[in-house]
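There are 4 protein chains.
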Amino acid sequence: MKEEEKLSPWQNKLHEIIYEADTPMGKLFDIILFILIIFSIILIMLESVKSIDVKYHRVLLVLEWVITIFFTIEYIVRIICIKKPSKYIFSFYGIIDFLSTIPLYISYIFAGSQVLLAVRAFRLLRVFRILKLVQFLGEASQLKSALKASRAKITVFLFAVLIVSVMMGTLMYIVEGDEAGFTSIPTSIYWTIVTLTTVGYGDIAPITPSGQFIATIIMLLGYGIIAVPTGIVTAEFGRQTRDKTGNLSAGNYIHVNTQACPSCTKEGHRDDATHCYNCGSVLNE
Amino acid sequence: MKEEEKLSPWQNKLHEIIYEADTPMGKLFDIILFILIIFSIILIMLESVKSIDVKYHRVLLVLEWVITIFFTIEYIVRIICIKKPSKYIFSFYGIIDFLSTIPLYISYIFAGSQVLLAVRAFRLLRVFRILKLVQFLGEASQLKSALKASRAKITVFLFAVLIVSVMMGTLMYIVEGDEAGFTSIPTSIYWTIVTLTTVGYGDIAPITPSGQFIATIIMLLGYGIIAVPTGIVTAEFGRQTRDKTGNLSAGNYIHVNTQACPSCTKEGHRDDATHCYNCGSVLNE
Amino acid sequence: MKEEEKLSPWQNKLHEIIYEADTPMGKLFDIILFILIIFSIILIMLESVKSIDVKYHRVLLVLEWVITIFFTIEYIVRIICIKKPSKYIFSFYGIIDFLSTIPLYISYIFAGSQVLLAVRAFRLLRVFRILKLVQFLGEASQLKSALKASRAKITVFLFAVLIVSVMMGTLMYIVEGDEAGFTSIPTSIYWTIVTLTTVGYGDIAPITPSGQFIATIIMLLGYGIIAVPTGIVTAEFGRQTRDKTGNLSAGNYIHVNTQACPSCTKEGHRDDATHCYNCGSVLNE
Amino acid sequence: MKEEEKLSPWQNKLHEIIYEADTPMGKLFDIILFILIIFSIILIMLESVKSIDVKYHRVLLVLEWVITIFFTIEYIVRIICIKKPSKYIFSFYGIIDFLSTIPLYISYIFAGSQVLLAVRAFRLLRVFRILKLVQFLGEASQLKSALKASRAKITVFLFAVLIVSVMMGTLMYIVEGDEAGFTSIPTSIYWTIVTLTTVGYGDIAPITPSGQFIATIIMLLGYGIIAVPTGIVTAEFGRQTRDKTGNLSAGNYIHVNTQACPSCTKEGHRDDATHCYNCGSVLNE
Chain V
1 MKEEEKLSPW QNKLHEIIYE ADTPMGKLFD IILFILIIFS IILIMLESVK SIDVKYHRVL
61 LVLEWVITIF FTIEYIVRII CIKKPSKYIF SFYGIIDFLS TIPLYISYIF AGSQVLLAVR
121 AFRLLRVFRI LKLVQFLGEA SQLKSALKAS RAKITVFLFA VLIVSVMMGT LMYIVEGDEA
181 GFTSIPTSIY WTIVTLTTVG YGDIAPITPS GQFIATIIML LGYGIIAVPT GIVTAEFGRQ
241 TRDKTGNLSA GNYIHVNTQA CPSCTKEGHR DDATHCYNCG SVLNE
Chain Y
1 MKEEEKLSPW QNKLHEIIYE ADTPMGKLFD IILFILIIFS IILIMLESVK SIDVKYHRVL
61 LVLEWVITIF FTIEYIVRII CIKKPSKYIF SFYGIIDFLS TIPLYISYIF AGSQVLLAVR
121 AFRLLRVFRI LKLVQFLGEA SQLKSALKAS RAKITVFLFA VLIVSVMMGT LMYIVEGDEA
181 GFTSIPTSIY WTIVTLTTVG YGDIAPITPS GQFIATIIML LGYGIIAVPT GIVTAEFGRQ
241 TRDKTGNLSA GNYIHVNTQA CPSCTKEGHR DDATHCYNCG SVLNE
Chain B
1 MKEEEKLSPW QNKLHEIIYE ADTPMGKLFD IILFILIIFS IILIMLESVK SIDVKYHRVL
61 LVLEWVITIF FTIEYIVRII CIKKPSKYIF SFYGIIDFLS TIPLYISYIF AGSQVLLAVR
121 AFRLLRVFRI LKLVQFLGEA SQLKSALKAS RAKITVFLFA VLIVSVMMGT LMYIVEGDEA
181 GFTSIPTSIY WTIVTLTTVG YGDIAPITPS GQFIATIIML LGYGIIAVPT GIVTAEFGRQ
241 TRDKTGNLSA GNYIHVNTQA CPSCTKEGHR DDATHCYNCG SVLNE
Chain H
1 MKEEEKLSPW QNKLHEIIYE ADTPMGKLFD IILFILIIFS IILIMLESVK SIDVKYHRVL
61 LVLEWVITIF FTIEYIVRII CIKKPSKYIF SFYGIIDFLS TIPLYISYIF AGSQVLLAVR
121 AFRLLRVFRI LKLVQFLGEA SQLKSALKAS RAKITVFLFA VLIVSVMMGT LMYIVEGDEA
181 GFTSIPTSIY WTIVTLTTVG YGDIAPITPS GQFIATIIML LGYGIIAVPT GIVTAEFGRQ
241 TRDKTGNLSA GNYIHVNTQA CPSCTKEGHR DDATHCYNCG SVLNE
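Chains as they are written, first to last, in the UniProt record's numbering: chain V, 1 to 285; chain Y, 1 to 285; chain B, 1 to 285; chain H, 1 to 285.
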């Protein structure tokens, strides 16, 4: 690539190992990195479990430092072996890598900041890039583009849901009052969203008949309007799938392209045509 | 527009500022209005939180009055600068605007009526009009027309759900009885809808084996029939998307036109046909 | 209709009023009947609410008798004014009508049997027939045929869900044990279905880490496989919608029917063809 | 089949009875086996209910032994009457059959291992094979292939859900703390999945305003992204349905064939064309 033009040979070598996965060394590095990422996330989880942390605090801290130092080295090497370090540093992965490394260092300044290490979960995303899962990447990008195409509709939908929640939440606050747990409008709105999304914790639940009646309406509404985002995304997927498979039921219909005949400028030839279906002239490849 | 024909110049000016968003002044007014609407809703929420209301009651009341007076002025100006005030007053937005303003005034007559201020949430809808989000409006209208087209099916579906709920609710009332919380048929119906919509608060839950068995059936039913509104709306969306993109995958199929053969008047030729597929006569261009 | 051939004139008259809704009298009867059905259901609900029943027991009982006597008369008249009473008696509506009437009578023999009056909820279905809501009936039959076409797939799906529930329920029974509420395998299966259908009461919830881990898998499974019934029904709806709207994007494609040419037996003529597109013979209407 | 070539006549006979269902004996065996499987599962359930187990322990144990001995004999016979026993033993059904039989025997060595008998639930799958429900099998395989085709997308989706859960779970752990039940990161992740999948037990629920706010976002996220697996599977089903029904709505579009014009060898004529659409020559039948 152009970026590597001015890199010295050892930088090129490192770049190949760290950024690419075509050489045996590159593959090995990527696999080790991925295992370490998983390991570091498990480590953070274990630290948060009191009974485990009390028993093995020392071991966990040492392991945490080992991981952090490895990630620090990796971060520095990544900066060194690239032509434009700023491109990496301010990229999505660059920022994640930085946030995955720094908390332990600053935890000596700001106590408790090591909980931010959970940002490391995002490093898992690297697995897609690392393993060069072309197929999965394709699928992911299809998911992404379907969600992207539906974005405007989903925004409108979410806005409508929020307005309904604010209205219904206030109504429930008026109807139910404090005894049932509807202590304020924000709490009531929280409850409305809990109900509308069919989560239904039950920590707050209506107790008056009128409150239960309104709750019923909210539930049916939530049960019904879940069809809306589903409909949006499904229609989008359907369209994409159709576009991808081309002519729906291959073989039954002729697939025509927009190639123009050099003689008669007729368009709509079959993909495999060598002669114009109209004037018989030879078509350009 | 015609409505403004008889308006005096300053009325025209105001109309432009308040109702439209094409001039810098109009845009500024709309942005300020939108911020005030958001602000007024946050204000109402804060008032409902006891701990905040106790501390800052005076400040909140003053701010509430400031907002209300601004909204009152806005409401009056809107009436003044339009040719047919009744058109605005009885429009959807006109009624919302009125209901957003009046509660504070009448709260001195009917104590507690200021909770109705929550109607202001609906003023948020104005954002769509204000920001002239043509794209979003298009999406919203597509959502609306998809829901409209599915209305009859959804009504039938909701009616079926209600009948099932009444039946199953009564059954659970008979089976479970008071101990488990099924104290009356309406309460049991409420519980059935909570279960059928997969909300599941858990404030009421069956405790007898037969009750749990019926509950299981209701859950599976609810889990299965959620497919129905989703199917309805999705099919509708799919249809709309197809209509919009034209003929599915334009260019993949042979398009036939309504050109008539000059000899046999046959129609339905390929767009590019030069001879009649039926009688072999040369077709007119 | 044939059935009425041997009915005497007054039977014909009654038949017209009770079974049909084309005459003013018939319409009036149907509307009164519908109001009484709604009223009778509300009555049963009120009776079940203790606080109301204690206060107004006498009034409710009298009203219940009035309704029951009306329904009894209606039931008898329906039998009288039809040629083949057995056709009505053993029809769906006939059975519902019978079950809606009898419980109050036998409540003097079997105490508490009047709760069965809730069967009356099914009489609401009559509204579809009564109001001759052709449009709604069409929608309902479309819903029904979509569900019918998906029946086999949904059966397979439900069977798979049940097997998963039995397996996972047993697993949770082994892992969690009595303290968390998993007191027996049937209870655990009940909990699994509560979780799998995303209802989640919370009356039983895992407390051990391994139990919570398995619960997580069940939830994700339930969250994912809800796509299956939805996908089945949606695909079915999509197919039906396509069939109904005919040629997808009307005007772009030729709609051909299966009418055969009387001369050359060619099929596939356009719906409005008067002559065979192949041999030119006049087509039968 | 080839496998049976070297089997002695009585082996062939047994094979026919046990593995096939075409003869009256084979059908009878299959029906008895299926009833026994259902019966054995009910037996295990009853054993787990303490109140029943205490009362009827002896009876249940005897019945359990009867079933187990029958299954053991069946297992042995299945091995005997097949040419390559290893093919059966290591097949899916072979392993299930083994695991359904062995636990009771080893329960005298490892106490409590008889709970593993629940594996028998999987034997229910045999019903599909036994009853030769071709239609249902077809549906099942369609479900399976739809899920298979969506596998990559669903994997990407689940991976995204897990990453979101880890992130959000950690965030809630930091925000809420111990009082609300968020005692460790794994517990918080468990809660996040409970919320994201809209199960919502309510055993753990946020109590701080900021925690409730984040919970709201997780709920809306979960409510929205359920559209993704649904969209994936639905699009897949839609595609399959289309493929199956052939050309969308058979008969509505002009079907073009690959017949070549005898003069110009042009292909892609309507099925019923008598003349070449291109050169006007008469086409061969």
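Glycine residues also receive a C-beta, built at the ideal position from the N, C-alpha and C atoms.
Do we get a CB-CB distance below 9 angstroms when we pair residue i with the residues of chain B?
i: P206/H; result: no
i: K50/H; result: yes
How would you write the range of the alpha helix (DSSP H) that residue i sits in, first residue to last?
i: D30/Y; result: P24 to S48
i: R151/H; result: R151 to E176
i: V119/Y; result: No alpha helix (DSSP H) contains V119/Y, which DSSP labels as neither H nor E.
i: L221/H; result: P209 to I225
i: K13/H; result: P9 to Y19
i: S86/Y; result: P85 to I89
Answer yes or no: does any C-beta atom of chain V fall closer than 9 angstroms to that of residue i?
i: L158/H; result: no
i: K153/H; result: yes
i: L36/Y; result: no
Between residue i and chain Y, is the shortest Cβ-Cβ distance under 9 angstroms, so that the two count as touching?
i: V199/H; result: yes
i: A146/V; result: no
i: I44/B; result: yes
i: S40/B; result: no
Could you tell me the alpha carbon to alpha carbon distance between residue i and residue j, rounded to whole angstroms?
i: S86/B; j: Y88/H; result: 56 angstroms
i: G169/H; j: L196/H; result: 11 angstroms
i: F237/Y; j: P229/V; result: 11 angstroms
i: P103/Y; j: G181/H; result: 41 angstroms
i: L143/Y; j: D203/Y; result: 35 angstroms
i: A152/V; j: K84/V; result: 36 angstroms
i: K13/V; j: K27/V; result: 13 angstroms
i: residue 287/Y; j: L162/B; result: What the structure shows of chain Y is the stretch from 1 to 285, and residue 287/Y is not part of that stretch, so it cannot be assessed.
i: Y173/Y; j: F29/Y; result: 57 angstroms
i: I35/B; j: P186/H; result: 56 angstroms
i: Q212/Y; j: E176/V; result: 29 angstroms
i: V164/V; j: A235/B; result: 30 angstroms
i: I254/B; j: P24/Y; result: Because I254/B sits at a pLDDT of 41, beneath the cut-off of 50, its placement in the model cannot be relied upon, and the point is left open.
i: W91/H; j: I79/H; result: It should be noted that the sequence gives Ser, not Trp, for residue 91/H. Roughly 12 angstroms separates the two Cα atoms.
i: I44/V; j: S210/H; result: 23 angstroms
i: W191/B; j: I76/H; result: 37 angstroms
i: I154/B; j: F39/Y; result: 50 angstroms
Could you list which residues in chain B have their beta carbon closer than 8 angstroms to that of residue i, in chain order?
i: G202/V; result: Y201 and G202
For residue i, which residues in chain Y fall below 9 angstroms Cβ to Cβ?
i: T216/H; result: Chain Y residues near T216/H: none, gap ~14 angstroms exceeds 9 angstroms.
What does residue i reach in chain H if we use C-beta pairs closer than 8 angstroms?
i: A121/B; result: Neighbours of A121/B on chain H: none; closest Cβ ~28 angstroms, over 8 angstroms.
Name the chain V residues whose beta carbon is nearer than 7 angstroms to that of residue i?
i: V233/Y; result: A227, V228 and G231
Using a Cβ cut-off of 9 angstroms (strictly closer), state whether residue i contacts chain H.
i: V161/B; result: no
i: Q142/B; result: no
Using a cut-off of 9 angstroms between C-beta atoms, extract the partners of residue i located in chain V.
i: G238/Y; result: G231, T234, A235, G238 and R239
i: L124/Y; result: F159, L162, I163 and V166
For residue i, which residues in chain H fall below 9 angstroms Cβ to Cβ?
i: residue 289/V; result: No answer is possible for residue 289/V: the residues shown for chain V start at 1 and end at 285.
What I want to know is whether the C-beta of residue i ends up closer than 8 angstroms to one or more non-hydrogen atoms of the ligand FAD.
i: K87/V; result: Only the bare structure without any ligand can be found here, which leaves the ligand FAD out of the picture.
Along chain Y, in chain order, which residues have C-beta atoms closer than 8 angstroms to that of residue i?
i: P24/V; result: Residues of chain Y passing the Cβ test: none, with the nearest at roughly 44 angstroms.
**Study point:** Contact residues within the segment 91-104 of chain V, judged by C-beta distance below 9 angstroms to chain B
**Key:** none
Check your understanding: Quick one, which residues of the segment 218-231 of chain H are near chain Y if we go by CB-CB under 8 angstroms, in chain order?
Key -> T230
Practice item. For the segment 174-200 of chain H, enumerate the residues whose C-beta is nearer than 9 angstroms to any C-beta of chain Y, in chain order. Key: T198, V199 and G200
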